[in-house]
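Each residue of the sequence shown is one higher than the one before, starting from 6 at the first, in this note's numbering.
Backbone N, C-alpha and C fix where the C-beta goes; we use that ideal spot for every residue, glycine too.
Computed from a prediction, not measured in an experiment: that's the story for all the values here.
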Amino acid sequence: MAAALATLLILFIVTIVYFTLIKRSPKNLPPGPPAWPLIGTLLPKLKKQPHVELTKLARTYGPLMLLKFGVEPVVVASTHDAAMQVLKTHDRILSGRFAPHSVRIKGYVEHSMVWADCTEYWKMVRKIWRTELFSTKMLDAQAGIRERKVGELMVFFRKKEGEVVRFADVIFGCILNILGSVVFNNDVYNYYDDDDNNDKGMKGMIRQLMVLAAIPNLADLYPVLGTSDFQGLRKASAECVTRMNQSWAKIVRERRASGDHSRNDFLDVLLQQNFSDPQIDALLLEIFGPGSDTSTSTIEWAMAELMRSPETLKKVQDEVKTVVGNNREVMESDLANLPYLHACMKETLRLHPPVTFLLPHRATETCQVMNYTVPKGCQLMVNTYAIGRDPKTWDEPLRFKPERFVNSEVDYQGNDFHYIPFGAGRRICPGLSLATRVIRLILASLIKDFEWSLPNGMHPSELDMQDKFGLALLKDVPLLVVPKLITSHLPI
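As structure tokens, then:
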């Protein structure tokens, strides 16, 4: 045992020396802060709020910046010009994917769409997502399902009238049920179940996975460690993935055995396309995981910002009441007539993007970006947080001001590189059309049917708006609210 450890240590040291002292770096790399041999770039505040720290560093080192995470080079794009170079000009070369070791789980990563390179399998799956799950035709056909699930959320809030509610928890549950209904005609969250509310159900598993994926992994910093899992991150992730797969295994097994494809849901599509169980597990995991967490965080941020801005809240509330009235629920067909609500969502996505850094890209070839060399295999990160708060682009960038998007043609479809909350290029979020419908439908319903206050007489100006870094940008202090019903159409 001792000899094996000594051999591993020697191999580690030799490889580190090779990468840091012997192997020549390409010339003309982007500028960046000094990096120490073996350790990399020392940034004391990077661990807690890397998006904030790297935004500050970009002011010194420029729109394209080089860091060293351990021995691995990482290029960070922090302006719309740099993002356009990465996501459009050199999209083909820079659209490889860097998959952290914690997600390299056998049976998952080889069937993943999120973490896969742009292979033929990736293209085929993405086409199915685009045509069978997120197409305009399919979304329109399923509008009634989403409206019904949001109606159930409103009933829950009515039953909690006058009580303190942890806002994000129940929003998360509603989004999970929307996805569950679309994917296999089943709810996956029960508002009144203690296990679900104590994070023992699917909601808890997803949150655990998001936390694990955001923890720095030594194997990502030092490739010599290979498949080693000293921190136990991959093992913990694998256990969580197994539990997630088990939560829908019976549904998949029974549907496959019956041969019944009459439900017209996404699972039917996958079975008709002869996807294997491991392939289905990977795709369902990626539908329920990133999408539910990011949409929940956006709705929580939007509610917090609106409560801190009473004039804005009243304006959007008046708009919703004018269009919808007081005697029925909000329908998705109403959303096109709610431009100020849309502006509020856009402004929330600008200030609090769903992810502060787009999932890491990887250079499949060496290329020139903004006159700098990005070597083959280099990891690239696009700082959407910095781009959305760039004072060269946005007037009063730190202020919540939805008016900036009223009568504006700026959209989130990946065409305006100073506003890319969902990314751009071939890696743009495939579920953005569903997410933006769900976010607006839930917000409009919450605003129309209830007045909202904070516990213990707390004034909205006292809300803690500090964020917490992760795969999704969450509020550091969760929003607690007290609902008060102001309409009469909701059942008891």
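With a 10 Å radius around its C-beta and 16 neighbouring C-beta atoms as the bar for buried, classify residue i as buried or exposed.
| i | result |
| --- | --- |
| Val411 | exposed |
| Asp122 | exposed |
| Gln373 | exposed |
| Thr65 | exposed |
| Gly231 | exposed |
| Glu157 | exposed |
| Ala477 | buried |
| Tyr417 | buried |
| Gln90 | buried |
| Thr371 | exposed |
| Ser281 | exposed |
| Pro31 | exposed |
| Gln147 | buried |
| Leu16 | Because the pLDDT of Leu16 is 42, which lies under 50, any placement of that residue in the model is unreliable, and the number read from its coordinates should be weighed accordingly. So Leu16 counts as exposed. |
| Arg355 | buried |
| Met159 | buried |
Leaving out the 5 sequence neighbours to the left and right, which residues in its chain are closer than 8 angstroms to residue i when beta-carbon positions are compared?
| i | result |
| --- | --- |
| Asn376 | Asn33 |
| Thr46 | Gly37, Pro38, Pro39, Ala40, Leu72, Lys73, Phe74 |
| Ile392 | Ser83, Thr84, His85, Ala88, Thr398, Phe422, His423, Tyr424, Ile425 |
| Lys480 | Ala173, Ser302, Glu305, Trp306, Ala309, Asp469, Met470, Gln471, Asp472, Lys473 |
| Met350 | Thr303, Ala307, Thr441, Ile444, Arg445, Leu448 |
| Trp457 | Met308, Met312, Leu451, Val486, Val487, Pro488, Lys489 |
| Ile220 | Ser107, Gln236, Leu238 |
| Ile98 | Ala368, Thr369, Glu370, Cys372 |
| Arg248 | Met210 |
| Ile256 | Phe189, Asn191, Leu272 |
So which of the options has the shortest CA-CA distance to residue i?
| i | options | result |
| --- | --- | --- |
| Gly206 | Phe293, Glu125, His266, Leu276 | Phe293 |
| Leu43 | Gly149, Tyr227, Val193 | Tyr227 |
| Pro344 | Glu414, Asn190, Cys383 | Glu414 |
| Pro295 | Arg239, Val257, Leu363 | Leu363 |
| Leu459 | Gln236, Thr94, Glu166 | Glu166 |
| Asp298 | Met386, Arg135, Val216, Pro35 | Val216 |
| Asn222 | Leu214, Arg239, Gln213, Arg212 | Arg239 |
| Val321 | Lys453, Phe177, Asp234, Lys111 | Lys453 |
| Pro465 | Met159, Glu152, Glu316, Ser338 | Glu316 |
| Gly101 | Leu439, Glu408, Arg404, Gly382 | Gly382 |
| Gly112 | Met336, Gln384, Leu290 | Leu290 |
| Met143 | Phe427, Val329, Leu439 | Leu439 |
| Val81 | Arg431, Gly462, Gly264, Gln384 | Gln384 |
| Ser242 | Glu467, Ala218, Ser233, Arg404 | Ala218 |
| Arg409 | Pro435, Glu352, Pro358 | Glu352 |
| Phe427 | His357, Arg163, Lys208, Leu318 | His357 |
For residue i, I'd like the list of residues in its chain whose CB is within less than 7 angstroms of its CB, leaving aside the five on either flank, ordered along the chain.
| i | result |
| --- | --- |
| Arg260 | Leu272, Leu276 |
| Ala104 | Val114, Trp120 |
| His56 | Thr361, Phe362, Asn388, Tyr390, Phe474 |
| Pro402 | Arg394, Asp395, Pro396 |
| Leu138 | Phe271 |
| Asp62 | The residue asked about is misnamed: residue 62 is Leu in this sequence, not Asp. Within the same chain, Leu62 has close Cβ partners Pro38, Met70. |
Report all residues from its chain with a CB closer than 6 angstroms to the CB of residue i; omit the five preceding and five following residues, and keep chain order.
| i | result |
| --- | --- |
| Val130 | Met118 |
| Gly419 | Ala429, Ile433 |
| Ile27 | Legend: pLDDT at Ile27 = 42, less than 50; position of this residue unreliable, no value from coordinates given. |
| His116 | Pro283, Gln284, Ala287 |
| Leu484 | Phe172, Glu305, Ala309 |
| Ala8 | Because Ala8 sits at a pLDDT of 43, beneath the cut-off of 50, its placement in the model cannot be relied upon, and the following sentence gives the value as read from the coordinates. Hits under 6 angstroms: none found. |
Span of the beta strand (DSSP E) holding residue i?
| i | result |
| --- | --- |
| Pro488 | 485 to 490 |
| Gly259 | According to the sequence provided, residue 259 is Glu. The question's Gly does not apply to it. Where Glu259 is concerned, there is no enclosing beta strand (DSSP E), although the alpha helix (DSSP H) it sits in stretches over 238 to 263. |
| Leu403 | Run containing Leu403: none; DSSP gives neither H nor E here. |
| Lys73 | 69 to 74 |
| Ala82 | 77 to 82 |
Where do the ends of the alpha helix (DSSP H) carrying residue i lie?
| i | result |
| --- | --- |
| Tyr499 | Lying outside 6 to 497, the shown extent of the chain, residue 499 is not represented and no answer is given. |
| Cys372 | Element bounds for Cys372: not the alpha helix (DSSP H) but the beta strand (DSSP E), 372 to 374. |
| Trp127 | 125 to 133 |
| Ser438 | 437 to 454 |
| Tyr345 | 344 to 356 |
| Lys320 | 315 to 329 |
| Thr389 | 389 to 393 |
| Thr378 | Premise fails: Thr378 lies in the beta strand (DSSP E), 377 to 379, not in any alpha helix (DSSP H). |
| Glu152 | 148 to 164 |
| Ala87 | 85 to 89 |
Report back the beta-carbon spacing between residue i and residue j to the nearest angstrom; my notes put them in contact at under 8 angstroms.
| i | j | result |
| --- | --- | --- |
| Thr369 | Thr389 | Between Thr389 and Thr369 the Cβ distance is about 22 angstroms, and since that is not below 8 angstroms, they are no contact. |
| Val487 | Glu168 | 7 angstroms |
| Leu214 | Cys179 | At roughly 20 angstroms, the Cβ-Cβ gap does not stay under 8 angstroms, so Leu214 and Cys179 are not in contact. |
| Ser186 | Ile150 | 5 angstroms |
| Glu77 | Glu337 | Going by Cβ atoms, the distance from Glu77 to Glu337 rounds to 44 angstroms, so no, they are not a contact pair. |
| Met386 | Val79 | 6 angstroms |
| Ile183 | Lys154 | 5 angstroms |
| Leu346 | Val325 | 7 angstroms |
Within 9 angstroms (strictly less), CB to CB, does residue i reach chain C?
| i | result |
| --- | --- |
| Pro488 | Within the model displayed, chain C is absent; a lone protein chain is all it includes. |
For residue i, verify whether its CB is less than 8 angstroms away from any heavy atom of the ligand FAD.
| i | result |
| --- | --- |
| Val108 | For the structure depicted, the ligand FAD is absent and the ligand set is empty, with no information on it obtainable. |
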